[in-house]
Amino acid sequence: MAHLSLFRIPALADSSEQEYARRYGGKATQLARLAGLDIVVPETWTADPNELELWESSGEGVDTSSLPLMPWIVRSSANLEDSSSQSYAGFFESVRVDSLSNLSSSIRRVISTRPDALKNRTDLRIHFIIQPYIEAQQSGVAFSRDPKNLWSKAGRVEWVNGHLAALVHGEITPDSATLSEIVRQRPEFGIPLARCLEQLEQHFGRPVDVEWIWTGSQLVIVQCRPIATYEAEWVSRIESDEAYVRDEAIERFPEAMSPLGWTAIAEQLGPNLAALTRYYGIRPLRTDRFAISFAGWIYHRKNAFAYPNGVKLLASHLFSSLFPWTELLAIFFQSPIAFFRTSRFRAWLKFRIGSAFTERVIRKIRGEWGERKSRFDRALSDLNPENESESISFKKLRAMSEDFFEPDVAIFLSREILFKSLSAYIDSIGVSRDDWLKWVSQYAGNRTRVFSEDYARLARGEIEADQFWSDYGHIRFSWDIAAPSIGENRSFSQAGSPAQVPSSASPVQWDQLFPGHIFDAKKLKQSAESLHQILEIDEELHFLTGKALVPSREIALNLGNRFVEEGRLDSQNDVFFLEVQELRSGSISREDYRDRVRERRRVWALYAKSAPYSQIPPTQEISRKDLNSFGASPGVVEGEVIVLESPPVNPSQLQGKILVTSGPNPSWSPLFPILGGMICETGGILAHGFVAAREQRFPAVAHCIGACTTYKNGMRVRIDGSQGTVEIL
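Heads up: the sequence shown is residues 59 to 787, going by this note's numbering.
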């Protein structure tokens, strides 16, 4: 064969980037992209990969007629290198060439380097590039964002005098400064570097990492890659004016969700949000901007229902029966004579407007609920995963879910608006908040309370075990399809449980709440009864969700087992690290998911073990000394801490302890009688576990961010469920 021919790397068209990277590697691809911008990069040569493959086994040399004068540097350009998903920084070799006789051996050395970590990657292809060796006055590495906090817009620079090889290999300690500091201290290269980083971040659409050389008169970018971390991906996806918070998502999603669990729920969010047009006459954000999963932790858009950036009012509904004109007119005519005390008047006005916008919706949801449940039961009985194809089961599940769960977001929105507006008004009257919350918890169809009572009856032998598991076996500690139900292994009751009846406190009557005559009493009671109605429907929907998850989980595990047999997954439970669309398509394809699942497991394990951010993008986290908690169920108790995420096999170890857990899951409620109290990292005041706690006068404190890591097993604390305080003794 003739000598290996070299040519300047060709310009890169956006449409051909993937093919370009396959042929010439990631490093060459990024340099080709930069060459089209107003950025100085070294002249770069490479060879045709087909010729290179033949040349490797020959003894021929290299045609250097197109190269500039030596010295040169031969650098790797692997197809997996410098991509947006993985940089493999430092994995491959670069070799300086000072003699023509060393060029062939240097190329062979670079393309034969195969790091131990990548020995099993059958898709790895290593190419090379040749550049002139540029003498540097200063050289370094720069990040457009601080690598320790990519959410911060403050870039960081490290540099040395001379060439940067010693820096990137960690052989010396470089000078280091923020990008703004380097602009002030070394403006000759700091100013062009700052401009370059800004341009590159905009071009790549995410934070970037560059290697640069300052020749004394010119800034040269010798390598550029998108920062290939999980957080860098999210920095690029979240708009600067957006914020996603855990506030209200934590009640339903207190734990990190599996990819399969979340994507199944996110898919259902579309119909849920679309239904708000029918119920409220509004068009909300699209699903992918309404809620997100960051490494399994679920966040919702902070101003998801704020007009006009979160929702749009539809003009067609403004004059329809859905818009409460009559109620608003009544408020207008009543308000001048309502109160003379400004704060109480504002609270009353908030209550009337809140009830005007929610009560018609609640009546509509309630009127449809019976038939909706009947359709759900019929659809559930029609499912037969054992004797029908996965595609048919998927279609049935999707149709059933879209119908049954359609009002879910409308239920949540109605509940929150009405509860908050009622609470503000009742607080202004001077009613005890503990008594008001206790009254709210006393609604007729409280399934959490009934389950707790039946669990105690099971322990006393008053009901048959088969009947209990038939009624409640579908209940789970999570909405995640990856979480088993309590009936799957029945360990929930095997080691015994409290035999006494839960200590429900005496009921609070409506007339006992108020010290005397109050303005608009009839409307207040009507709205409070509407709140009970929507709470009952909300809890029933929660209860029945588990029944839909039972066949869904069965289908997923069956497919997981099949994928393992086909060599497409490592273990059956890896199926929960697929997304729902991948699971559907995988049931009819032969795609190998193993590498994808391993990476998702790695990221999930990294973040799920630590407390989630309170907000994305992250703000200053709450101090561990001030956990910002609030009272969820009244009472004061002292005891020893026990930190758990789910009920233990032997519940007796909980006797008298203060349970510290991530969220107020209602499945904990049967164990409340033997516990001393509870501290939760998450949970809203209307979370079903807190409803049960208030009914049983079981002290509980909510929203203790970081409690599971702050409090340790055996530590003694005092909690006040009215004040929301936790004191370490």
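Each residue gets a CB set at the ideal place from its N, CA and C atoms; glycine is no exception.
Would you identify the three-state DSSP class for residue i, choosing helix, strand or coil?
i: Lys360; result: coil
i: Glu446; result: coil
i: Phe535; result: coil
i: Asn631; result: helix
i: Ala502; result: coil
i: Asn219; result: strand
i: Thr768; result: helix
i: Ser651; result: The amino acid occupying residue 651 in the given sequence is Tyr; Ser does not appear at that position. Tyr651 falls in the coil class under three-state DSSP.
i: Leu702; result: coil
i: Lys370; result: strand
i: Thr416; result: helix
i: Arg776; result: strand
i: Arg172; result: coil
i: Ile674; result: strand
i: Leu182; result: coil
i: Thr122; result: coil
i: Glu696; result: strand
i: Phe748; result: helix
What number of angstroms, rounded off, separates the C-alpha of residue i from the C-alpha of residue j?
i: Arg6; j: Ser202; result: Nothing about residue 6 can be read from this structure; the chain reaches only from 59 to 787.
i: Ser115; j: Glu109; result: 11 Å
i: Ile595; j: Thr180; result: 54 Å
i: Ile432; j: Leu602; result: Correcting the residue type first, residue 432 is Ser in the shown sequence and not Ile. Ser432 and Leu602: Cα-Cα distance of roughly 12 Å.
i: Leu611; j: His185; result: The displayed chain sequence assigns Arg, not Leu, to residue 611. Each residue's Cα considered, the two are about 45 Å apart.
i: Asn442; j: Asn547; result: 22 Å
i: Ile165; j: Asn330; result: 58 Å
i: Arg81; j: Gln673; result: 41 Å
i: Ala557; j: Arg518; result: With a pLDDT of 42 at Ala557, under the threshold of 50, the modelled position of that residue is not reliable, and the figure given next carries that caveat. The alpha-carbon atoms of Ala557 and Arg518 are separated by roughly 5 Å.
i: Ile544; j: Leu516; result: 14 Å
i: Glu679; j: Tyr78; result: Its pLDDT being 43, under 50, Glu679 is placed unreliably in this model, and the coordinates cannot settle the point.
i: Val633; j: Tyr337; result: 36 Å
i: Gly328; j: Phe748; result: 29 Å
i: Gly319; j: Trp537; result: 8 Å
i: Pro676; j: Ala663; result: 19 Å
i: Ile539; j: Ile737; result: 26 Å
i: Phe262; j: Gln713; result: 57 Å
i: His575; j: Ala502; result: 27 Å
i: Val266; j: Pro284; result: 4 Å
i: Ile450; j: Pro366; result: 41 Å
i: Gln326; j: Gln591; result: 24 Å
i: Gly117; j: Thr87; result: 29 Å
i: Tyr302; j: Gly354; result: 14 Å
From the DSSP secondary-structure annotation, give me the bridge partner or partners of residue i.
i: Gly689; result: Val759
i: Met791; result: The chain is shown from 59 up to 787; residue 791 falls before or after that span and cannot be answered.
i: Val132; result: Val153 and Ile188
i: Thr345; result: Beta-bridge pairing links Thr345 to no other residue.
i: Thr236; result: Arg214
i: Ala322; result: Answer is none; Ala322 lacks a bridge partner.
i: Phe65; result: Thr104
i: Thr783; result: Asp778
i: Ile423; result: Answer by DSSP bridge pairing: none, since Ile423 is not bridged.
What is the residue span of the alpha helix (DSSP H) that residue i lies within?
i: Asn619; result: Ala579 to Glu623
i: Arg491; result: Arg491 to Ser499
i: Asp466; result: Asp466 to Ile487
i: Ser528; result: Ala523 to Tyr530
i: Thr87; result: Gly84 to Ala93
i: Glu790; result: Given that the chain is displayed from residue 59 to residue 787, the structure contains no residue 790 and the question cannot be resolved.
i: Glu640; result: Val638 to Gly644
Hey, could you find the ends of the beta strand (DSSP E) residue i is sitting in?
i: Val293; result: Where Val293 is concerned, there is no enclosing beta strand (DSSP E), although the alpha helix (DSSP H) it sits in stretches over Tyr288 to Arg295.
i: Pro342; result: Ile340 to Pro342
i: Leu277; result: Leu277 to Pro284
i: Val268; result: Val266 to Trp272
i: Glu300; result: Taken as a continuous stretch (DSSP letters only), Glu300 belongs to no beta strand (DSSP E), as it is neither H nor E.
i: Ser197; result: Gln196 to Phe201
When you compare the CB of residue i with every CB in chain C, is at least one pair closer than 7 Å?
i: Ala517; result: The question asks about chain C, but that chain is absent: this structure has only one protein chain.
Would you say the beta carbon of residue i is closer than 6 Å to some non-hydrogen atom of the ligand SAH?
i: Ile97; result: Among the components of this structure there are no ligands whatsoever, and the ligand SAH is therefore not found.
Checklist entry - Per the contact definition of three or more C-beta pairs closer than 8 Å, is the segment 89-101 in contact with the segment 251-266? => result Output reads yes: the segment 89-101 touches the segment 251-266.
Checklist entry - Given 8 Å as the limit, is there contact between the segment 617-626 and the segment 634-645, that is, 3 or more CB pairs closer than that? => result Flag = yes, the segment 617-626 and the segment 634-645 touch.
Item to check | the segment 152-169 in contact with the segment 186-194 per 3-pair CB rule at 8 Å | outcome: Short answer: they touch.
Next on the checklist: Could you check whether the segment 454-467 touches the segment 622-630, counting it as contact only if at least three pairs of C-beta atoms, one from each stretch, sit closer than 8 Å?
Outcome noted: Cβ pair count under 8 Å is below three, so no.
Item to check | the segment 761-779 in contact with the segment 697-715 per 3-pair CB rule at 8 Å | outcome: Judged by pairs of C-beta atoms under 8 Å, the segment 761-779 touches the segment 697-715, as three or more such pairs exist.
Item to check | Cβ contact (3+ pairs, closer than 8 Å) linking the segment 206-218 and the segment 231-250 | outcome: Contact holds: three or more Cβ-Cβ distances are below 8 Å.
Next on the checklist: Between the segment 716-723 and the segment 306-320, can you find at least three pairs of beta-carbon atoms closer than 8 Å?
Outcome noted: Put simply, the segment 306-320 touches the segment 716-723. At least three CB pairs are less than 8 Å apart.
Checklist entry - Three or more C-beta pairs closer than 8 Å, one from the segment 467-475 and one from the segment 494-514: is that the case here? => result No, the segment 467-475 is not in contact with the segment 494-514.
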